[in-house]
Amino acid sequence: MAKLAINGGRPVRGARKLFPQHAVIGVEEKRAAARVIDSGALSKFIGSWDPHFLGGPEVRAFEAEWAKRFGASYAVSMNSASSGLLAAVGALGIEPGDEVIVTPYSMCISATAPLWYGAVPVFADIEPDYFCLDPKSVEKAITPRTKAIIVVDILGQPYDAKAINAIAKKHGIKVIEDAAQAPGALYKGRSAGMLADIGVYSLNFHKHIHTGEGTVVVTESKELAERLQLIRNHAEAVVEGMGVKNITNLVGHNFRLTEIQAAIGRSQLKKFDRLLKERQKNCAYLNAHCSDMPGVRPAPTRPGATHVYYQHPFLYDEKEVGIPRSRFVAAIAKELPATKGQEEEGTLIYDGCITPLYRMPVFRQQRAIGSKGFPFKSEFYKGKAKYQAGMCPVHEKLWSGTFFSHDNMRPGMTKADLDDVIEAFHKVYTYRDELK
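Encoded structure:
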């Protein structure tokens, strides 16, 4: 008689008993939004040189509180982390013909942001255990055209700042840190997002702090902060009045955050540390009880760093376990329920990591801006862009069979909920012969 639910056995936890909703929006956020609505001013930005060029009172207060929490000299809010990355590339003066080193493992904007300024992304491989950019691969990818590196603190763990920052300094290039998944993580006592020339956080629905959409971009440079503010809000209309001399890349956008989003962000920030500790405690408990299955192990944390677990990652060895990763993950999914509020997604467990970004059509066809191949093929670019299978073998190995992750550890999960997750892992591992 089958034991595993995928084969008709009884699941560890039936579909009717959902995991608790990841509910971080409460009465505090409702009051904050109501406060703004009652004020009658949902946004106070003005796209001209004016006292409100930098936004209204909620936006300014949110930026100041964020800067204080994460130790930044300057914090600039915007309407999305994608906008923040675009603004960061622009603020650094990246231009047509330049190259920017990027990771194959991230949300696509981490690799495509340079395209908007006519620069060509160059992919470096990632680390096999920590999944951030591998410093050795980064160094190999540098050419005389390299002007910046966009690193990603993937899944909640900081990049190897000591090694990559040293490489950048040696070659005179800048570093942008995509810390969307890692607010609150530390590297040698310093906050993720504060490890590079510019750091970009995310306030998207899935993130640790969320306002629906949004970002905060941080830097220690007054000049870069000003350029970020200009790109956020119609730079071209104000540079003359402000007396700005270097107008390179200062054709601005409307990347502005609303007063309601900023007010909600302020409320989220107040509960952030409590929720972060709960997430870390949950993952520590899972790590302690899911480390006894040869071939299935929680991914490690970088020495000298802390992890904030945007997702809970595992490394998988098919030879040792005896079955393909896809079968193992599918079997666990059948043992556990969906999460309240995300019922349509099923059990929040994921078979593998994101497809290498260089496999997207924009790179395979080398066509981004216009129809003639710009910026990959242009009078400005003197290199030769190459994007093909096998160029980042570590990532491709993780993608094809040696990595999986899940979300069944977020704040709100009780010890009993976590015990069900642990039981599902062990049950599938014990009866894995049924999956052969």
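Counting along the sequence shown from 1, when you hit position 428 you're at 1442 in the numbering used here, and nothing is skipped either side.
Every residue, glycine too, gets a C-beta built ideally from N, C-alpha and C.
This one's a predicted model, so the numbers in the text were calculated from it and none came from an experiment.
Check: What separation, rounded to the nearest whole angstrom, lies between the Cα atoms of leucine 1449 and valine 1408?
Finding: Cα atoms of leucine 1449 and valine 1408: separation of roughly 27 Å, rounded to the nearest angstrom.
Notebook entry, point to check: Among all the DSSP beta bridges, which residues are the ones paired with alanine 1319?
Noted result: Beta-bridge annotation (DSSP): alanine 1319 is paired with Tyr1201.
Checklist line | Cα-Cα separation between lysine 1044 and isoleucine 1278, rounded to whole angstroms | finding: Straight-line Cα distance between these residues: approximately 8 Å.
Check: Helix, strand or coil: which one does DSSP assign to leucine 1099?
Finding: Per DSSP, reduced to three states, the secondary structure at leucine 1099 is helical.
Item checked: Nearest residue (CA-CA) to tyrosine 1395, options Val1136, Cys1367, Ala1105 -> For tyrosine 1395, the closest alpha carbon among the candidates Val1136, Cys1367, Ala1105 is that of Val1136.
Note to self: Suppose only complete runs of 3+ residues qualify. What are the beta strand (DSSP E) ranges in the stretch 1221-1257, listed by chain order?
What the structure shows: When DSSP assignments are scanned along the stretch 1221-1257, the uninterrupted stretches of beta strand (DSSP E) that are 3 or more residues long and fall wholly within it turn out to be 1229-1233.
Note to self: Please classify proline 1317 as buried or exposed, where buried requires at least 16 neighbouring CB atoms within 10 angstroms.
What the structure shows: Its Cβ having fewer than 16 others within 10 Å, proline 1317 is exposed.
Checklist line | Neighbourhood of glycine 1028 by C-beta, 7 Å cutoff - its chain only, sequence neighbours within 5 removed | finding: Cβ contact annotation for glycine 1028 (same chain, cutoff 7 Å, sequence separation greater than five): Pro1351, in chain order.
Margin query: Just to confirm, is the Cβ distance from isoleucine 1140 to proline 1118 under 9 Å?
Written below: Against a cut-off of 9 Å, the Cβ pair of proline 1118 and isoleucine 1140 comes out as a contact.
Margin query: Counting only C-beta atoms, is valine 1041 closer than 9 Å to chain D at any point?
Written below: You won't find chain D in this structure, because it holds only one protein chain.
Margin query: Pull the bridge partners of serine 1053 from the DSSP assignment, please.
Written below: Paired residue(s): none; serine 1053 is not in a bridge.
Check: For glycine 1266, which of Phe1219, Pro1370, Leu1432, Ser1097 has the nearest alpha-carbon?
Finding: For glycine 1266, the nearest C-alpha among the options comes from Ser1097.
Note to self: Using 9 Å as the threshold, is the C-beta distance between valine 1152 and isoleucine 1178 below it?
What the structure shows: A contact, by the Cβ cut-off of 9 Å.
Next item on the list: Using the DSSP secondary-structure output, state which residues sit across from serine 1340 in a beta bridge.
Entry: Bridge partners of serine 1340: none, in fact.
Check: Any idea which residues DSSP pairs asparagine 1268 with across the strands?
Finding: Paired residues: Asn1247.
Next item on the list: Using DSSP bridges, identify the partner residues of tyrosine 1330.
Entry: Looking at the DSSP assignment, tyrosine 1330 forms a beta bridge with Val1310.
Note to self: Please return the same chain residues whose Cβ sits closer than 6 Å to the Cβ of alanine 1133, not counting the five positions on each side in sequence.
What the structure shows: Only Ile1108, Asp1112, Val1114 meet the Cβ criterion.
Note to self: Can you tell me whether tryptophan 1080 is buried or exposed? The criterion is at least 16 other CB atoms within 10 Å of its CB, across all chains shown.
What the structure shows: Tryptophan 1080 is buried by the Cβ-count criterion.
Margin query: Just verifying my parser: in three-state terms, what is the DSSP assignment at threonine 1353?
Written below: It is a strand residue.
Notebook entry, point to check: Per the contact definition of three or more C-beta pairs closer than 8 Å, is the stretch 1369-1379 in contact with the stretch 1327-1347?
Noted result: Not touching, per the Cβ criterion.
Next item on the list: Verify whether the separation of the beta carbon atoms of alanine 1086 and serine 1216 is less than 9 Å.
Entry: Contact: no.
Note to self: Rounded to the nearest angstrom, what separates valine 1310 and isoleucine 1223 at their Cα positions?
What the structure shows: Those two C-alpha atoms are separated by around 30 Å.
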